[in-house]
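Participant: This is the structure, below, for whatever I ask next.
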Amino acid sequence: MGVDGLLRWLEALSSPLYTQEVQHGQAWKMLGLPSFVLGLLPPALGSLMAPVLMWSALPIGASILLFGLHKARTQAVDTPAIWIATLATTVVFSPHFLTYDAVLLIPVIVYLVEVRPSRFIRVSVVCVFGLLWLIPVFHVAAIQLPWPLSAIDAPWAAIPMAAIWFESLRALKGRDIGKNSSRLHSPRVPRTQKSHLPTKEP
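Position one of the sequence shown corresponds to residue 808 (this note's numbering), numbered consecutively onward.
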């Protein structure tokens, strides 16, 4: 616990045992943009870039998120939109994000489908779902393939996941959220019925 516990956890993430057993041994189960970039690189270059991506991915994502919040500071931003964008940033830029962790994407999808319903969101969700099911197929197919053909084993679901993350940043714009929220949650005002009684002329 505390600072000492955090330092020991970070030390374990950079240890040779973790690198061999997790970063390499379970690389085909990883999702997210850092794993996608590593999956596209030659094995030798990927081994060199792995520590760089592990330490820089989340700070880069957090910087983009803070920039989006800074741009939206003059607008009325819903608190759920901030949490959703933060969760989506963590999911997409995490250097250690396994397939079963994709359940964290569900609240992001549910929120965006409600406040920003669009074909782009629906297509991205379908692509994520389909590509997640194809991960074992791509892994088996790429086992004996040399690079660059072995790049088929990269987590291609990271691309539609990044698209969903981008939409979560766009949802930080208060005017978009206010427009959809008022349409979804405001009470319906009944129309004023016109009177059919004849009016008296002066």
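Just so it is clear, CB atoms sit at the ideal spot from N, CA and C, and this is done for glycine as well.
For residue 923 and residue 931, what's the separation of their Cα atoms in angstroms?
Facilitator: Counting from 1 along the sequence shown, the entry for residue 923 is found at position 116. Counting from 1 along the sequence shown, the entry for residue 931 is found at position 124. Roughly 13 Å separates the two Cα atoms.
Participant: Verify whether the separation of the beta carbon atoms of residue 938 and residue 964 is less than 8 Å.
Facilitator: If you number the sequence shown from 1, residue 938 lands on position 131. If you number the sequence shown from 1, residue 964 lands on position 157. Closer than 8 Å, so yes.
Participant: Just how far apart, CA to CA, sit residue 815 and residue 822?
Facilitator: For this step, residue 815 is matched to residue 8 along the sequence shown. For this step, residue 822 is matched to residue 15 along the sequence shown. Approximately 10 Å between the Cα atoms of the pair.
Participant: The alpha helix (DSSP H) that contains residue 854, what's its start and end?
Facilitator: In the sequence shown, the residue the question calls residue 854 occupies position 47. 850-878 is the extent of the alpha helix (DSSP H) around residue 854.
Participant: According to DSSP, what are the bridge partners of residue 837?
Facilitator: Walking along the sequence shown from the start, residue 837 turns up at place 30. DSSP lists 905 as partners of residue 837.
Participant: Below 6 Å CB to CB, which residues in the same chain sit around residue 896 once its five sequence neighbours on both sides are set aside?
Facilitator: As a working mapping, residue 896 is identified with position 89 in the sequence shown. For residue 896, where only same-chain residues beyond five positions count, the Cβ hits under 6 Å are 868, 872.
Participant: Alpha carbon to alpha carbon, how far is residue 839 from residue 891? Give it in angstroms, no decimals.
Facilitator: Here the question's residue 891 lines up with position 84 in the sequence shown. Here the question's residue 839 lines up with position 32 in the sequence shown. Taking the straight line from one Cα to the other gives about 16 Å.
Participant: Which whole-angstrom value is the C-beta distance of residue 928 and residue 919, which I expect to be below 8 Å?
Facilitator: Stepping through the sequence shown from its first residue, residue 928 is reached at position 121. Stepping through the sequence shown from its first residue, residue 919 is reached at position 112. 5 Å between Cβ atoms; contact.
Participant: Just the Cα atoms here: how many angstroms apart are residue 948 and residue 866?
Facilitator: As a working mapping, residue 948 is identified with position 141 in the sequence shown. As a working mapping, residue 866 is identified with position 59 in the sequence shown. Those two C-alpha atoms are separated by around 34 Å.
Participant: Nearest to residue 863 by alpha carbon, out of 833, 877, 844?
Facilitator: The sequence position of residue 863 within the sequence shown is 56, counting from 1. Of the candidates 833, 877, 844, the one whose C-alpha sits nearest the C-alpha of residue 863 is 844.
Participant: Just verifying my parser: in three-state terms, what is the DSSP assignment at residue 952?
Facilitator: Your numbering for residue 952 matches position 145 in the sequence shown. In the structure shown, residue 952 sits in coil (DSSP, three-state: anything other than H, G, I, E or B).
Participant: Taking the alpha carbon of residue 911 as the point to measure from, which residue in 926, 894, 900 has its own alpha carbon closest?
Facilitator: For the purposes of this step, residue 911 is taken as the residue at position 104 of the sequence shown. With distances taken between Cα atoms, residue 911 lies closest to 894.
Participant: Enumerate in chain order the residues of its own chain whose CB-to-CB distance from residue 909 is below 7 Å, with the five nearest sequence positions on each side excluded.
Facilitator: Position 102 of the sequence shown, counting from 1, holds the residue named residue 909. Closer than 7 Å at the Cβ level, and outside the excluded window around residue 909, lie 838, 939.
Participant: Count the other CB atoms within 10 Å of the CB of residue 950; is the residue buried (16 or more) or exposed (fewer)?
Facilitator: Along the sequence shown, one-based indexing puts residue 950 at 143. It counts as exposed.
Participant: Compute the Euclidean distance between the alpha carbons of residue 921 and residue 935, then round it to the nearest angstrom.
Facilitator: If you number the sequence shown from 1, residue 921 lands on position 114. If you number the sequence shown from 1, residue 935 lands on position 128. C-alpha separation (whole angstroms): 18 Å.
Participant: Nearest to residue 961 by CA position, among 812, 810, 842, 880, is which residue?
Facilitator: As a first step, residue 961 is located in the sequence shown; it is residue number 154 there, counting from the start. When each option's Cα is compared against that of residue 961, the closest is 842.
Participant: Are residue 917 and residue 968 touching if we call contact CB-CB under 8 Å?
Facilitator: Within the sequence shown, residue 917 is the residue found at index 110, counting from 1. Within the sequence shown, residue 968 is the residue found at index 161, counting from 1. Not in contact: residue 917 and residue 968 (Cβ atoms no closer than 8 Å).
Participant: Return helix, strand or coil for residue 960, following the three-state DSSP convention.
Facilitator: The residue labelled residue 960 in the question sits at position 153 within the sequence shown. In the structure shown, residue 960 sits in a helix (DSSP, three-state: H, G or I).
Participant: Applying the 10 Å Cβ sphere with the 16-neighbour rule, what's the burial state of residue 818?
Facilitator: For the purposes of this step, residue 818 is identified with residue 11 of the sequence shown, where counting begins at 1. Counting Cβ neighbours within 10 Å, residue 818 comes out exposed, since fewer than 16 surround it.
Participant: I need the straight-line Cα distance from residue 907 to residue 861, nearest angstrom please.
Facilitator: Along the sequence shown, one-based indexing puts residue 907 at 100. Along the sequence shown, one-based indexing puts residue 861 at 54. Each residue's Cα considered, the two are about 19 Å apart.
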